[in-house]
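K.L.:
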Ligand SMILES: Nc1ncnc2c1ncn2[C@@H]1O[C@H](COP(=O)(O)OP(=O)(O)O)[C@@H](O)[C@H]1O
Ligand SMILES: [Mg+2]
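Numbering (my numbering), first residue to last: 466 to 714.
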């Protein structure tokens, strides 16, 4: 599957509008994109351009007004809501700027939680969560309450939680938004390692162009539309701007 040219995510003819009073406000306009397995995609654009709406549409949380979203060849919105939730849990590890901890659980229990809810025995979930925290250098914080940790540490724990069920795709919306530069670099390096060594497909939404350097594909958005897509030439390390408006030239 990795390095295949068959997209893991396809968005085609996507429109999304919100009803505000009597008006229909368009937020996403005719979005076409393809994401291949193993890509590190940065969706880049100014605040309010529709990035989070696109993100939520891809993971099955915002039904489109028109068009479709296919993930692993399945139309995300053909599932009923329960099966869409299962499909999301199987395919996506999701990391947000704010981590939404279960406040009654400590760090290791929060990381183990996604395994618990898919029926893994609790002791087994905790053992996997421990291995994951060890890999992130956070095993010493296993018994802390998540909010006792720094922002960067919380994001690392959120990545452990997102990956505990080993989903192929990591989806992350402004993960470095609240972080100091050193913590942000550390998080970006972790995503880079997960992409290069563990072959996770990564889709990161950000308003900050400095993170494009980590991407293999950059999707630029303006006012609800894709303005430009560029793909890094992995052989020569150069940017190839041969994708425009979502159409492969
Ligand atoms: N539930 C909603 N109802 C109405 N308008 C919304 C809703 N969600 C987002 N919007 C509007 O859609 C636009 C894009 O929002 P968003 O996707 O959050 O942008 P970004 O993540 O790029 O900052 C904004 O103008 C926002 O106000
Ligand atoms: Mg946003």
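Ideal placement from N, C-alpha and C gives every residue a C-beta, glycine not left out.
With DSSP as the reference, identify every bridge partner of residue 594, one or two as the case may be.
P.N.:
Looking at the DSSP assignment, residue 594 forms no beta bridge with any residue, so it has no partner.
K.L.:
Determine whether the beta carbon atoms of residue 497 and residue 477 lie at a separation below 9 Å.
P.N.:
Their beta carbons are under 9 Å apart, which means residue 497 touches residue 477 by this criterion.
K.L.:
Do you know offhand how far residue 647's Cα is from residue 533's?
P.N.:
Distance between the alpha carbons of residue 647 and residue 533: 38 Å.
K.L.:
Given that a residue counts as buried once 16 or more other Cβ atoms are within 10 Å of its Cβ, and exposed if not, what is residue 568?
P.N.:
By the neighbour-count rule (16 or more Cβ atoms within 10 Å), residue 568 is not buried but exposed.
K.L.:
Looking only at its own chain, which residues have a Cβ that is under 6 Å from the Cβ of residue 716, when we skip the five neighbours before and after it?
P.N.:
Because the chain spans 466 through 714 in this model, residue 716 falls outside it and cannot be assessed.
K.L.:
Does the beta-carbon of residue 698 have 16 or more other beta-carbons within 10 angstroms, so that it is buried, or is it exposed?
P.N.:
Residue 698 is exposed by the Cβ-count criterion.
K.L.:
Whole angstroms is fine: what's the gap from residue 693's alpha carbon to residue 581's?
P.N.:
Each residue's Cα considered, the two are about 41 Å apart.
K.L.:
Given a cut-off of 9 Å, decide if residue 628 and residue 618 are closer than it, judged by their beta-carbon atoms.
P.N.:
No, Cβ-Cβ distance for residue 618 and residue 628 is not below 9 Å.
K.L.:
Return the CA-CA distance between residue 579 and residue 695, expressed in angstroms with no decimal places.
P.N.:
Distance between the alpha carbons of residue 579 and residue 695 is about 35 Å.
K.L.:
Starting from residue 787, follow the alpha helix (DSSP H) in both directions and report where the run begins and ends.
P.N.:
Because the chain spans 466 through 714 in this model, residue 787 falls outside it and cannot be assessed.
K.L.:
According to DSSP, is residue 480 helix, strand or coil?
P.N.:
DSSP places residue 480 in strand when its eight states are reduced to three.
K.L.:
Looking at chain B, is there any beta carbon in it that lies within less than 9 Å of the beta carbon of residue 650?
P.N.:
The question asks about chain B, but that chain is absent: this structure has only one protein chain.
K.L.:
In the DSSP assignment, what residue or residues form a beta bridge with residue 499?
P.N.:
Per DSSP, 475.
K.L.:
Going by the C-beta, is residue 536 closer than 8 Å to any heavy atom of ligand 1?
P.N.:
Because no heavy atom of ligand 1 lies under 8 Å away, the Cβ of residue 536 does not count as near it: no.
K.L.:
On a Cα-Cα basis, can you pick out the residue from 662, 616 and 656 that is closest to residue 643?
P.N.:
Of 662, 616 and 656, the residue nearest in Cα terms is 616.
K.L.:
Give me the pocket residues for ligand 1, defined as CB within less than 5 Å of any heavy atom, sorted by chain position.
P.N.:
Those residues are 483, 492, 512, 513, 514, 515, 516, 517 and 518, given in chain order.
K.L.:
Looking at the unbroken alpha helix (DSSP H) that takes in residue 621, where does it start and where does it end?
P.N.:
Looking at the DSSP string, the run of the alpha helix (DSSP H) that includes residue 621 is 616–628.
K.L.:
With a CB to CB cut of under 6 Å and the five nearest residues on each side skipped, what residues in its chain are close to residue 668?
P.N.:
Same-chain partners within the cutoff: 506 and 636.
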